[in-house]
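Written below as structure tokens is the structure these notes are about.
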Amino acid sequence: MAILRKFKAWRPKDGLEKDVASYPYDVLSSKEAKALAQDNPYSFLHVVKPEIDLPEGIDFYSQPVYDKAKENFNKFIQEGILIQEEDPRLYIYRQTMKGREQYGIVGCMSVQDYDSDVIKKHEHTRPAKEQDRIKHVDITNANAGPIFLTYKAREPINRLVAETIKNTPVYDFTASDGIGHTVWIIKDDTIAERIITEFGETDFLYVADGHHRSASAAKVANMRKETNPGHTGEEEYNFFLAVLFPDEQLQILDYNRVLKHLNNHTEEELFQALEDIFSIEKMGAEPYKPKKKGEISMYLDHTWYRLTIKPEIAYINQRDPVKSLDISVLQGNILGPFFGIDDPRTSDDIDFIGGIRGLEELVRLVDSGKFRVAFAMYPVSIQELMNIADAGKVMPPKSTWFEPKLRSGLLVHTLDD
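Letter by letter, the sequence shown follows residues 165 to 581 of this note's numbering.
Printed below as a string of structure tokens:
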């Protein structure tokens, strides 16, 4: 049973929502964030990327950075840029991208559910990134950005959402990147309680995006529990901000790879290694996007190739939800043994390019000489993600790229109210 709880959101003053709403902290580099926010004092990047307001060269993980995040967040509150809801509420958050819509329920989830795997994960977290988010949450006393959760669609929830969106939204704007963002406050307590009841009958939720944010929220809660002799489990720090989307509405984009060199091998040796695993077809100079599971595209020397996993390889791996992923086949048979990329998380010889940037970005990087070869993947499905989480396993790193990204600053949860 999943616990969903209302909360008293801090949200932008009416009219400032478009200025405040920002990309998540981990989507932009500090340089990109600084450029976006330099003429916008209301941008929530000043809270989630506070180093942009400090001298260049500062250690992003040093204490002054977290102190600046707290200072900026408090300033937003003191100056009325953010206002707080008078009563605990649930919200609906619609995102619109190229005509496709997805509707999420915004509320707070239980750390207890996270710790007990009612909320399932599919990625390992990195200690350094986790520690960074722990400090940010603890020092600002807030979940500045929501965790992106998904669940197996439930028709009663769909109907309750449909009923609510007949009302006038509190925010409705299109960001500079063309993504639409619309927020409704669920003011009908009967509808809110019915939604809470429906999630109470949901066996599992799944972290789609935000493993480090959810892990850090849980650890901050446990830290505060240990120092609070009167702990009851109902304190606000026991809950973290999340948006819950039904699986049927979500889209995962490809997450592609670029390699800096051939690891002292020749092109001929690369094709020999590939031929053991794939059927290879030369496609020409025009970018070729994989059309189905089992296909991978390769870009090398101004030429695209279609790599199709051989049936016997696919058959061997089909019973394992992780090994059956296209990226697992590529990693286990080519990126590891041929390119020497044993741990993609730590190697400096590989980079990862989200599908939102298009295949043209792969062409640009390889043609620039910065990288030698690129591999374009067919997107992982939501069902594959859930199967892996249900099996208690983890996906290879950088396997999923969700679009559109949730905006930070539209709805913020503080840990004491």
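All residues carry an ideal CB built from backbone N, CA and C; glycine is no exception.
Since the structure is predicted, the reported quantities are computational estimates derived from the model, not experimental observations.
{"query": "Pro188 at chain C interface by Cβ criterion, 8 Å", "result": "Structure shown: chain C not included; a single protein chain is present."}
{"query": "The region 336-352 touching the region 534-550, judged by at least three CB pairs closer than 8 Å", "result": "no"}
{"query": "Best match in Leu549, Arg318, Arg521 for proximity to Pro568 [C-alpha to C-alpha]", "result": "Arg521"}
{"query": "Contact set for Leu423: own chain, Cβ-Cβ below 7 Å, skip 5 residues either direction", "result": "Phe503, Asp513, Ile514, Phe535, Arg536, Val537"}
{"query": "Presumed contact (8 Å Cβ cut-off) between Ala385 and Tyr401, rounded CB distance", "result": "5 Å"}
{"query": "Residue range of the alpha helix (DSSP H) that includes Ala292", "result": "291-304"}
{"query": "Exposed unless 16 or more other CB atoms sit within 10 angstroms - verdict on Gln495", "result": "buried"}
{"query": "Segment contact flag, the region 227-247 with the region 322-337, C-beta cutoff 8 Å, min 3 pairs", "result": "no"}
{"query": "Beta-carbon proximity of His425 to Thr289, cut-off 8 Å", "result": "no"}
{"query": "Stretch-stretch touch, CB-based, cutoff 8 Å, three pairs: the region 182-200 with the region 211-220", "result": "yes"}
{"query": "Three-state secondary structure (DSSP) of Leu570", "result": "coil"}
{"query": "His375 - containing alpha helix (DSSP H), residue span", "result": "375-390"}
{"query": "Spatial neighbours of Glu445 in its chain, beta-carbon cut-off 7 Å, leaving aside the 5 residues before and after", "result": "Tyr469, Arg470"}
{"query": "Tyr315 burial status per 10 Å Cβ neighbour count (16 or more: buried)", "result": "buried"}
{"query": "Test item: CB-CB of Ile321 and Asp411 under 8 Å", "result": "no"}
{"query": "Start-end ranges of the beta strand (DSSP E) lying completely within the region 392-476, minimum 3 residues", "result": "403-410, 419-423, 442-448, 459-464, 467-473"}
{"query": "Leu254: first and last residue of the uninterrupted beta strand (DSSP E) it sits in", "result": "254-261"}
{"query": "8 Å Cβ cutoff met for Ile359 and Leu324", "result": "yes"}
{"query": "Where the alpha helix (DSSP H) containing Ile214 begins and where it ends", "result": "The sequence as given places Pro at residue 214; Ile does not occur at that position. No alpha helix (DSSP H) contains Pro214, which DSSP labels as neither H nor E."}
{"query": "Under 8 Å between C-beta atoms of Phe368 and Lys284", "result": "yes"}
{"query": "8 Å Cβ cutoff met for Pro310 and Leu405", "result": "yes"}
{"query": "Per DSSP, cross-strand counterpart(s) of Ser274", "result": "Phe403"}
{"query": "Beta-carbon contacts of Val493 that lie in its chain and below 6 Å, excluding the five residues immediately before and after", "result": "Ile473"}
{"query": "C-beta contact flag for Ala540 and Asp418 at 8 Å", "result": "yes"}
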